[in-house]
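Under the numbering used here, the first residue of the sequence shown carries the number 23, and numbering increases by one thereafter.
Glycine residues also receive a C-beta, built at the ideal position from the N, C-alpha and C atoms.
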Amino acid sequence: YMSTGVAPSPLAQQARRRYAEHLIAGLPGVISAVVETARALQDKPSIPAIALMRRDLAKALGQSGGAWAQSVTDGIRRFAAPGASATRLSELSGTGGAALSLVDDDTIEREILTSRLALAVMDRASWEFSDLRSRISSLERRSELDTHDMLRAHVLARVVLDGWRAAGLNQEGWRELQSVLHDEFAHLVEEAYHETNRWLISQKVLPEVDLRPFIRRSRGGGGGGMTSTGGGAHIADGQTSGAYSESARGH
Numbered sequence: 023y024m025s026t027g028v029a030p031s032p033l034a035q036q037a038r039r040r041y042a043e044h045l046i047a048g049l050p051g052v053i054s055a056v057v058e059t060a061r062a063l064q065d066k067p068s069i070p071a072i073a074l075m076r077r078d079l080a081k082a083l084g085q086s087g088g089a090w091a092q093s094v095t096d097g098i099r100r101f102a103a104p105g106a107s108a109t110r111l112s113e114l115s116g117t118g119g120a121a122l123s124l125v126d127d128d129t130i131e132r133e134i135l136t137s138r139l140a141l142a143v144m145d146r147a148s149w150e151f152s153d154l155r156s157r158i159s160s161l162e163r164r165s166e167l168d169t170h171d172m173l174r175a176h177v178l179a180r181v182v183l184d185g186w187r188a189a190g191l192n193q194e195g196w197r198e199l200q201s202v203l204h205d206e207f208a209h210l211v212e213e214a215y216h217e218t219n220r221w222l223i224s225q226k227v228l229p230e231v232d233l234r235p236f237i238r239r240s241r242g243g244g245g246g247g248m249t250s251t252g253g254g255a256h257i258a259d260g261q262t263s264g265a266y267s268e269s270a271r272g273h
């Protein structure tokens with residue numbers, strides 16, 4: 023994930039590893055929520071064809087959820103590895119430079135689903151990403167992250183969708199569960215960005231950029247599914263929300 027000419031930074035590398043490990047640690051909760059949603063869909067009234075599809079989807083997820091989780095975990099670790107090359111990351115571009123006329127419908131559908139997930143993630147996590155991008159760019163003395171930097175949402179989105187397919191799950195099932203997939207991964211990535219920002223602040227990386235308010239999600243059910251940390255919008259190490267309080271909107 024390092025471009026030629028970019029200053030190597032052990033702190034930036036460690037920050038990426040922390041981001042990756044936070045994603046991996048949160049994956050079981052995400053997978054459980056998706057599986058539970060698929061099970062619940064079976065109880066909703068629908069025409070026979072949809073009912074059959076939902077039963078098949080719940081069964082497939084029950085059998086392949088673990089394989090999906092493992093594939094995503096492996097993908098995250100692969101792109102977080104210090105030796106991850108620009109060539110390997112360029113695999114995420116999908117078409118590999120092929121002429122558009124030669125791109126099949128399956129590839130186009132994969133690009134669409136990946137883009138939708140990445141957009142959903144950034145819709146929630148864009149403020150945290152902006153701060154993290156500033157901190158990493160400062161450490162590496164660069165003006166912008168690489169197009170396929172592992173911190174970018176579309177990299178994770180591709181890993182998640184490719185893992186889904188590798189586990190034998192189909193795109194029809196993905197579309198059926200798109201809402202919960204978008205919601206769960208958006209919350210996970212926002213939290214991972216937030217915790218990585220918190221750690222970088224503790225390492226005195228752009229400490230003048232305040233840590234944003236963050237409301238952590240609870241998995242306990244009830245109460246709207248959200249819980250504040252520390253009795254309110256969570257602000258670490260005495261930081262205040264300052265001019266960044268607008269990031270609390272929509273939470």
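Between the segment 200–210 and the segment 158–165, the count of Cβ pairs shorter than 8 Å is below three; the stretches do not touch.
Its chain contains 135 and 136 as the residues whose beta carbon lies nearer than 6 Å to that of residue 183, once the 5 sequence neighbours on both sides are disregarded; these appear in chain order. In its chain, beyond the 5 residues on either side, 79 have a beta carbon closer than 6 Å to the beta carbon of residue 195.
Taking all protein chains in view, the Cβ of residue 74 is surrounded by fewer than 16 other Cβ atoms within 10 Å, so the residue is classified as exposed.
Around the beta carbon of residue 58, fewer than 16 other beta carbons sit within 10 angstroms, so the residue counts as exposed. A Cβ-Cβ separation of about 34 Å leaves residue 76 out of contact with residue 172 under the 8 Å criterion. Within the segment 138–224, the runs of alpha helix (DSSP H) at least 4 residues long that lie entirely inside it are, in chain order, 175–188, 193–198 and 200–224.
DSSP, reduced to helix, strand and coil, places residue 103 outside both helices and strands of the structure shown, so it counts as coil. Within the segment 49–98, no beta strand (DSSP E) run of at least 3 residues lies entirely inside it. For residue 30, the secondary structure class from DSSP, reduced to helix, strand or coil, is coil.
Counting every other CB atom within 10 Å of its CB across the protein chains shown gives residue 72 a total below 16, marking it as exposed. With a cutoff of 8 Å on beta-carbon distance, residue 97 and residue 211 are scored as not near each other. Residue environment for residue 224: exposed (fewer than 16 other C-beta atoms within 10 angstroms of its C-beta). Secondary structure of residue 126 (DSSP, three-state): coil. Going by beta carbons, residue 155 and residue 209 fall outside the 8 Å limit.
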